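In what follows, a structure is listed as structure tokens, so that the remarks can point back to it.
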Amino acid sequence: MKHINLNAFSDVSKRTRVIAGSAAAILAAGTIGAVSASAAAPAAPAAGTVPASVRADAAPRDLVSTTHLDIDAATRAARAALDAAEREGQRVSVAVVDRNGNTLVTLRGDGAGPQSYESAEQKAFTAVSWNAPTSELVERLKSAPNLKDIPGTLFLAGGAPVAVKGAPVAGIGVAGAPSGDLDEKFARAGVTALSR
């Protein structure tokens, strides 16, 4: 450690010398503390190993398997829905979500309105959540109006579920056409593309 000779600063006030000396002491203490702390830290486990205290192997009976669309299938479905809309001159956005409602693919068609992007995702989320076309869910609102308060949902026609053996695996949502019936028609074209 380097020492500071405060006497060399004879023309400097005593107060300045005390402050300079205090700063040097604080700096030295910090350095010694940092060295001591790093010396006391436990060694990190070797790369690729997990300490036994945090590793747990779950029993197979405690696990659940789910089925999801892969990205290629989700893209194919989204493209089929967008193509169906474009053939009819409609400017829409298309979203495909997985079983958990996470967005896999979103396509915003040329000229689609800014609101259509989020609406398509919400319709897809709603369809997969209830495993039903959103046009049917609109009818359910008559008997359970609070359904519309669930975050992330949109109870307008235009969402269609993708199911395997009756269980939902994805949802396709379309928004931007002048009617929900058209949006849903295009969403169903996406579902149909997956069955080929």
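The sequence shown begins at 27 in the numbering used here and counts up by one. Ideal Cβ placement from N, Cα and C applies to all residues, glycine included. Since this is a predicted model, take the numbers as computed values, not measurements.
Tell me the DSSP secondary structure of Ser-221 in three-state form. coil
Just how far apart, CA to CA, sit Lys-211 and Asp-83? 46 Å
Since Leu-133 sits in a beta bridge, which residues does DSSP pair it with? Val-120
Of all the alpha helix (DSSP H) runs that stay within the bounds of the stretch 152 to 193, which reach a length of 4 or more residues? 160 to 166
Label Gly-192 either buried or exposed according to how many other C-beta atoms from any shown protein chain fall within 10 Å of its C-beta, with 16 as the threshold for buried. exposed
Can you have a look at Ala-103 and say buried or exposed, based on whether 16 or more other CB atoms are within 10 angstroms of its CB? buried
What's the gap between the Cα of Gly-127 and the Cα of Ala-100? 13 Å
For Thr-132, tell me which candidate among Ala-146, Gly-139, Pro-140, Trp-156 has the shortest Cα-Cα distance. Ala-146
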